[in-house]
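Protein chains: 2
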Amino acid sequence: MKGRTMRNFRVSLKKVVDDSYDIEVGYELTTRLIDDIKEGLAGKLKRFAVITDSIVEELYARPIYEALLEEGYKADIFVFPEGEKSKTRETKAMIEDAMLEKEYRRDCCIIAVGGGVVTDLAGFIAGTFGRGVPFINYATTLLAAADASVGGKTAVDTPRATNLIGLFNQPLKVYIDIAAWQTLPKRQIVSGLAETIKHACMADAEFFDYLDRHMEEIINLDPAPCEHVAEKNCQIKYEVVMKDEKEAGLREILNLGHTVGRAIETLSDYKLLHGEAVSIGLVAAASLSVHFGLLKERDMERVVALLEKAGLPTEIPDYIDREALVKKLYTDKKVRDGKLRFVLMDGIGSVREFTPGVFAKEVEEETAREIIMGM
Amino acid sequence: MKGRTMRNFRVSLKKVVDDSYDIEVGYELTTRLIDDIKEGLAGKLKRFAVITDSIVEELYARPIYEALLEEGYKADIFVFPEGEKSKTRETKAMIEDAMLEKEYRRDCCIIAVGGGVVTDLAGFIAGTFGRGVPFINYATTLLAAADASVGGKTAVDTPRATNLIGLFNQPLKVYIDIAAWQTLPKRQIVSGLAETIKHACMADAEFFDYLDRHMEEIINLDPAPCEHVAEKNCQIKYEVVMKDEKEAGLREILNLGHTVGRAIETLSDYKLLHGEAVSIGLVAAASLSVHFGLLKERDMERVVALLEKAGLPTEIPDYIDREALVKKLYTDKKVRDGKLRFVLMDGIGSVREFTPGVFAKEVEEETAREIIMGM
Numbered sequence: 008m009k010g011r012t013m014r015n016f017r018v019s020l021k022k023v024v025d026d027s028y029d030i031e032v033g034y035e036l037t038t039r040l041i042d043d044i045k046e047g048l049a050g051k052l053k054r055f056a057v058i059t060d061s062i063v064e065e066l067y068a069r070p071i072y073e074a075l076l077e078e079g080y081k082a083d084i085f086v087f088p089e090g091e092k093s094k095t096r097e098t099k100a101m102i103e104d105a106m107l108e109k110e111y112r113r114d115c116c117i118i119a120v121g122g123g124v125v126t127d128l129a130g131f132i133a134g135t136f137g138r139g140v141p142f143i144n145y146a147t148t149l150l151a152a153a154d155a156s157v158g159g160k161t162a163v164d165t166p167r168a169t170n171l172i173g174l175f176n177q178p179l180k181v182y183i184d185i186a187a188w189q190t191l192p193k194r195q196i197v198s199g200l201a202e203t204i205k206h207a208c209m210a211d212a213e214f215f216d217y218l219d220r221h222m223e224e225i226i227n228l229d230p231a232p233c234e235h236v237a238e239k240n241c242q243i244k245y246e247v248v249m250k251d252e253k254e255a256g257l258r259e260i261l262n263l264g265h266t267v268g269r270a271i272e273t274l275s276d277y278k279l280l281h282g283e284a285v286s287i288g289l290v291a292a293a294s295l296s297v298h299f300g301l302l303k304e305r306d307m308e309r310v311v312a313l314l315e316k317a318g319l320p321t322e323i324p325d326y327i328d329r330e331a332l333v334k335k336l337y338t339d340k341k342v343r344d345g346k347l348r349f350v351l352m353d354g355i356g357s358v359r360e361f362t363p364g365v366f367a368k369e370v371e372e373e374t375a376r377e378i379i380m381g382m
Numbered sequence: 008m009k010g011r012t013m014r015n016f017r018v019s020l021k022k023v024v025d026d027s028y029d030i031e032v033g034y035e036l037t038t039r040l041i042d043d044i045k046e047g048l049a050g051k052l053k054r055f056a057v058i059t060d061s062i063v064e065e066l067y068a069r070p071i072y073e074a075l076l077e078e079g080y081k082a083d084i085f086v087f088p089e090g091e092k093s094k095t096r097e098t099k100a101m102i103e104d105a106m107l108e109k110e111y112r113r114d115c116c117i118i119a120v121g122g123g124v125v126t127d128l129a130g131f132i133a134g135t136f137g138r139g140v141p142f143i144n145y146a147t148t149l150l151a152a153a154d155a156s157v158g159g160k161t162a163v164d165t166p167r168a169t170n171l172i173g174l175f176n177q178p179l180k181v182y183i184d185i186a187a188w189q190t191l192p193k194r195q196i197v198s199g200l201a202e203t204i205k206h207a208c209m210a211d212a213e214f215f216d217y218l219d220r221h222m223e224e225i226i227n228l229d230p231a232p233c234e235h236v237a238e239k240n241c242q243i244k245y246e247v248v249m250k251d252e253k254e255a256g257l258r259e260i261l262n263l264g265h266t267v268g269r270a271i272e273t274l275s276d277y278k279l280l281h282g283e284a285v286s287i288g289l290v291a292a293a294s295l296s297v298h299f300g301l302l303k304e305r306d307m308e309r310v311v312a313l314l315e316k317a318g319l320p321t322e323i324p325d326y327i328d329r330e331a332l333v334k335k336l337y338t339d340k341k342v343r344d345g346k347l348r349f350v351l352m353d354g355i356g357s358v359r360e361f362t363p364g365v366f367a368k369e370v371e372e373e374t375a376r377e378i379i380m381g382m
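Chains as they are written, first to last, in the working numbering: chain A, 8 to 382; chain B, 8 to 382.
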């Protein structure tokens, strides 16, 4: 009876999915969050797992936790040690076990309170806990505002690659609390600006000029420019992600600077913050763009100057082994058929579309090596 | 500036998603699988990760792997030790690391070859590897045919609960290879029949009678009744899952027998196979149904008789601590607000809908304890 097929039937699962959500930017949004929950943001759910890190816990997570209890909800705080090093499968398992221990099941909602590491990790936990529970992002850093509020990307790092284990998961709502930026160490604020500069480089020459003119005020956390930055960050990313729904591939441009950036971040053993590594990666991408005649030398210098004005590193630290870095590039998600691929600038404020829907260029290992050796 | 909101904008993510796929039931379907891939089942993907367990590896996974290589595709086999004990976050991480080590990235397709443990685990890995890669299920057991081919449930177990960490993930296609059943140990075949009997109990009195009349032939793996069983299994589950798209909640009926079943499975430290534990759970659910006047004593005896005819256990083993079992019930996914909830039979071939869309009944711990103490 070999090869005989007795039956072949189709499981039809076509449906309309609506993952839309609001992003709210403002000052001290705890009250807004609690009001939204009272008004049904999380449906009928009455139990909230507040996930946060050891730095944000006291400042922002505890007030939210206490406000929830005050309103009669059940809540617990789950804390992990701050830093990119915590963004692992092990931390995910630790929090899952702690939630299970406290008898959390599918009838709960997760609230992520913190920066990009917290929102990435908590969003991933929400995606697989009980095969998916809703979650809310309360972003307390510029980096989270830039990187974690639009796009639905969640992930953990593994010893062999960053962000390769995770899923797409959309929050119920995102709160971007600008007041929280004032509590960040200066180094964190500066690190967060790398994604902002990336957004300007890839999509908005005018915004690039704005950053150039207002960098000092932004670093001082003057309200008006911070509002503009938070707004522009979400807007640029949103446009990319939305267009990507139609033109698959566009989303890849968000990887500008990330090919070398992520590899350096891992090789530095997270001594470099994500934004610092991305800053160096942006310089590498700009250099490659110059190499391929897509960016003027002068414009590359402007990119480097803006990163430096923000206080970001633009050179590969001496302790990074260059050959190990070249090898590490192959762990990048854009690699196809074993070939390195880079998103490249096409002048300031634009990236090159190489063929329709393809925004990454295959780059020979030797070319990538040259650029890296020269940094 | 406390409480002042500067901007609130909406991320619109409404879209049509089509996760439809085919299920093919037949004999020796390796050639069909390879032909489908050549005809574009996995799009342009050229790299396949064949995930399997130590029992299925030689019999089914290796022929598929070799056929892929023969056709010019890249492929690797990733093997984990057979058994429910392997369905863990640790095994998931081990396979992910092995895939990363071999430089698998997002441009790959996973082929799960095996029983329910393999399809559950590989489907979960596919859902989070590179934030999601496509996967194909090649089911080699009756249990996988019954439990893992329709519904998209994937998961791992944790020390505190079974199947609570996972996600919904639909395969590109499911192959149900009846020839493979002949290679299974008799105990595995019998275990797989528990889900089949569950399907009959909850949805199809005629099928219940059919099983009663043909159980011996089925256990002997006579082709005609096996075909009928494979077909009915998918059909009943498909109808439930499809209807659930409209009436959220109906899907819960698939949990008939699983409240006590899963708890026993965990407490037995997996000495009991999933189906064996479900069989005992079905008796518990039937007893509860009798307790609430929903099932005649005589019909409950028919359920027990059919399970026994199949060779399945119908009593809680002596080594299971009854009080620990009662406590373990609270790890069930159906628990709401700390209350136990059970799906109950409403005569043979039907379950009770308690209120519109609600198919699980809150049961007092004392009532559950009584039933358990009596088994």
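No residue lacks a Cβ here, since even glycine has one placed at the ideal position from N, Cα and C. All values reported here derive from a predicted model rather than from experimental measurement.
- For Ser-93 (chain B), not one C-beta of chain A is nearer than 9 Å to its own C-beta.
- Of all alpha-carbon atoms in A:Thr-203, A:Cys-233 and A:Glu-224, the one lying nearest the alpha-carbon of Lys-244 (chain A) is that of A:Thr-203.
- Sequence-ordered contacts of the region 119-148 of chain B with chain A read Gly-134, Thr-135, Phe-136, Gly-137, Arg-138 and Gly-139 [C-beta pairs closer than 7 Å].
- Secondary structure of Lys-99 (chain B) (DSSP, three-state): helix.
- Scanning the region 110-187 of chain B for uninterrupted beta strand (DSSP E) segments of 3 residues or longer gives 116-121, 142-146, 160-165, 168-175 and 180-184, listed from N- to C-terminal end.
- Apart from the 5 residues on each side of it in sequence, Met-106 (chain B) sits with its Cβ closer than 6 Å to the Cβ of Ala-56 in its chain, given in chain order.
- Check the Cα spacing between Met-352 (chain B) and each of B:Phe-361, B:Pro-178 and B:Ala-331: the tightest is with B:Phe-361.
- Counting only runs of 4 or more residues that sit fully inside the region 239-314 of chain A, the alpha helix (DSSP H) segments are 265-274 and 281-298, in chain order.
- Counting only the Cα atoms, Glu-238 (chain A) lies some 16 Å from Ala-212 (chain A).
- Between the region 158-178 of chain B and the region 213-222 of chain B, the count of C-beta pairs closer than 8 Å stays below three; the two stretches do not touch.
- Residue B:Phe-214 holds the alpha-carbon nearest to the alpha-carbon of His-235 (chain B) among B:Val-248, B:Phe-214 and B:Leu-279.
- In this structure, the CA atom of Glu-330 (chain A) is about 21 Å from the CA atom of Val-350 (chain A).
- In the three-state reduction of the DSSP assignment, Ile-196 (chain A) falls in the helix class.
- Ranked by Cα distance from His-298 (chain A), the options A:Ala-270, A:Ile-378, A:Gly-282 and A:Phe-142 are led by A:Ile-378.
- Under the three-pair Cβ rule at 8 Å, the region 37-49 of chain A counts as touching the region 69-83 of chain A.
- The beta-bridge partner set that DSSP reports for Tyr-28 (chain A) consists of B:Val-18.
- Closest in alpha carbon position to Gly-158 (chain B), among B:Lys-250, B:Lys-22, B:Thr-95 and B:Tyr-277, is B:Lys-250.
- In the three-state reduction of the DSSP assignment, Glu-369 (chain A) falls in the strand class, which pools E and B.
- In the displayed model, Thr-38 (chain B) falls within a helix according to three-state DSSP.
- For Ala-82 (chain B), there is no enclosing alpha helix (DSSP H); the enclosing beta strand (DSSP E) covers residues 81-87.
- Sequence-distant partners of Ala-375 (chain B) (beyond 5 residues in either direction) whose C-beta falls short of 7 Å from its own C-beta, in its chain, are Val-333, Leu-336 and Leu-347.
- Between the beta-carbon of Ser-156 (chain A) and that of Val-181 (chain A) there is about 4 Å, and that keeps the pair under the 8 Å contact cut.
- Taking 9 Å as the cut-off between beta carbons, the residues of the region 229-252 of chain A near chain B are Pro-230, Glu-234, Ala-237, Glu-238, Cys-241, Gln-242, Tyr-245, Val-248, Met-249 and Glu-252, in sequence order.
- Taking each of A:Val-310, A:Thr-95, A:Gly-300 and A:Val-267 in turn and checking the Cα distance to Met-380 (chain A), the smallest one comes out for A:Val-267.
- Here the C-alpha atom of Lys-368 (chain A) lies approximately 16 Å from the C-alpha atom of Gly-288 (chain A).
- Close to Asp-25 (chain A), with beta-carbon spacing below 9 Å, are these residues of chain B in chain order: Ser-19, Leu-20, Lys-21 and Lys-22.
- Against chain A, the CB of Ile-327 (chain B) has no partner CB under 9 Å away; the residue lies outside that interface.
- Annotated as proximal: Val-32 (chain A) and Ala-152 (chain A), with beta-carbon spacing under 9 Å.
- Collapsing the DSSP output to three states places Phe-214 (chain A) in a helix.
- Within chain A, the residues placing a beta-carbon under 8 Å from that of Ala-168 (chain B) are Leu-107, ordered along the chain.
- For Thr-266 (chain B), not one C-beta of chain A is nearer than 9 Å to its own C-beta.
- Per DSSP, reduced to three states, the secondary structure at Val-350 (chain B) is strand.
- Contact of Gly-173 (chain B) with chain A by beta-carbon distance below 7 Å involves Thr-135 and Arg-138.
- In the DSSP secondary-structure assignment, Ile-58 (chain A) is bridged to A:Phe-85 and A:Ala-119.
- Between the alpha carbons of Ser-27 (chain B) and Phe-16 (chain A) lies a distance of about 11 Å.
- Membership of Val-342 (chain A) in any alpha helix (DSSP H) is not indicated, and neither H nor E is assigned to it by DSSP.
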